[in-house]
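For the sequence shown, my numbering begins at 694 and goes up steadily by one.
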Amino acid sequence: MSVLEKSFIKADDLMARNIAGETLIVPIRNRVGDLSSIYTLNEVGARVWQMIDPSRSVNQIVETISDEYDVARAEAARDVVELLDSMESAGLIRSIAEG
Numbered sequence: 694m695s696v697l698e699k700s701f702i703k704a705d706d707l708m709a710r711n712i713a714g715e716t717l718i719v720p721i722r723n724r725v726g727d728l729s730s731i732y733t734l735n736e737v738g739a740r741v742w743q744m745i746d747p748s749r750s751v752n753q754i755v756e757t758i759s760d761e762y763d764v765a766r767a768e769a770a771r772d773v774v775e776l777l778d779s780m781e782s783a784g785l786i787r788s789i790a791e792g
């Protein structure tokens with residue numbers, strides 16, 4: 694399966710907040726925010742974060758980003774995949790099986 698066909702789901706133990714135009718994602722450990730592991734997203738990253746859902750493929754996210762931010766599809770694909778890889782490595786999201 695191509696990465697563009699994958700879907701992702703957000704980890705359960707996170708809190709996301711928009712502060713001063715940036716989205717902060719804080720892992721919650723034992724009901725306490727792990728402030729040493731804060732993940733910061735800019736406007737486009739926050740939009741990608743909003744769209745992460747098991748029913749939405751990476752390809753659909755790429756198409757939306759390309760359209761909404763008027764960037765070439767190839768550039769949007771590269772940036773979205775890079776961001777999702779980073780989020781997955783940080784434990785913020787995980788890939789789910791198709792269907």
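C-beta: ideal position from N, C-alpha, C; glycine also.
If you're wondering where the values come from, they're calculated on a predicted model, not measured in any experiment.
Along the chain, where does the alpha helix (DSSP H) that runs through residue i open and close?
{"i": "residue 777", "result": "766-782"}
Pull the bridge partners of residue i from the DSSP assignment, please.
{"i": "residue 719", "result": "708"}
{"i": "residue 733", "result": "717"}
{"i": "residue 699", "result": "Beta-bridge pairing links residue 699 to no other residue."}
{"i": "residue 758", "result": "Beta-bridge pairing links residue 758 to no other residue."}
When the Cα of residue i is compared with those of the options, which residue comes out closest?
{"i": "residue 718", "options": "699, 700, 743", "result": "743"}
{"i": "residue 735", "options": "712, 757, 747, 781", "result": "712"}
{"i": "residue 751", "options": "710, 764, 715, 769", "result": "769"}
{"i": "residue 737", "options": "775, 700, 720", "result": "775"}
{"i": "residue 721", "options": "710, 714, 706", "result": "706"}
Tell me whether residue i sits in a helix, a strand or coil according to DSSP, three-state version.
{"i": "residue 740", "result": "helix"}
{"i": "residue 750", "result": "strand"}
Run the proximity test for residue i: is its beta-carbon closer than 6 Å to any non-hydrogen atom belonging to the ligand NAD?
{"i": "residue 738", "result": "Looking for the ligand NAD in the displayed structure turns up nothing, as the structure carries no ligands at all."}
Specify, as a first and last residue, the run of the beta strand (DSSP E) that residue i falls within.
{"i": "residue 745", "result": "Taken as a continuous stretch (DSSP letters only), residue 745 belongs to no beta strand (DSSP E), as it is neither H nor E."}
Since I believe residue j is in contact with residue i (beta carbons under 8 Å), could you give me their beta-carbon distance rounded to a whole number of angstroms?
{"i": "residue 755", "j": "residue 740", "result": "Their Cβ separation, rounded to whole angstroms, is 12 Å, which puts residue 755 and residue 740 out of contact at 8 Å."}
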